[in-house]
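In our numbering, the protein residues as written are 1 to 85.
Take a look at the structure set out below.
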């Protein structure tokens with residue numbers, strides 16, 4: 001039986017976050033749009049100004065919560081100088 005690697009689904013969020021909006025709120029909004037099985041056979045890749053505004057802890061939380069959307073493995077966010085040092 002042939003197995004194929006996971007596809008990548010890019011999640012781009014460019015809007016300003018409302019006061020009090022956290023990473024889990026973005027993940028639950030994503031799940032409301034794509035469904036609890038919407039990430040099946042995908043690795044979710046997060047990008048955009050709203051994701052950057054969450055900071056490193058928020059991005060990490062989003063990546064870890066990707067499993068709630070049935071994503072294969074964890075989500076990923078961007079690499080930059082902050083994460084490389």
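Each residue gets a CB set at the ideal place from its N, CA and C atoms; glycine is no exception.
Check, Outcome
"Keeping to the same chain, check which residues put their C-beta closer than 8 angstroms to that of residue 50; ignore five residues upstream and five downstream.", "13, 14, 15, 16, 17, 26"
"Suppose you measure from the CA of residue 21 to the CA of residue 1; what does that come to, to the nearest Å?", "44 angstroms"
"Among 53, 62, 71, which has the Cα closest to the Cα of residue 19?", "53"
"Any idea what DSSP makes of residue 65, helix, strand or coil?", "helix"
"Buried or exposed, going by whether 16 or more other CB atoms sit within 10 Å of the CB of residue 42?", "buried"
"Rounded to the nearest angstrom, how far is the Cβ of residue 87 from that of residue 23, given a contact under 8 angstroms?", "Here the chain has residues from 1 to 85 only, and residue 87 is not among them."
"According to DSSP, is residue 9 part of a helix, a strand, or is it coil?", "strand"
"In the DSSP output, which residue or residues are listed as bridge partners for residue 43?", "8"
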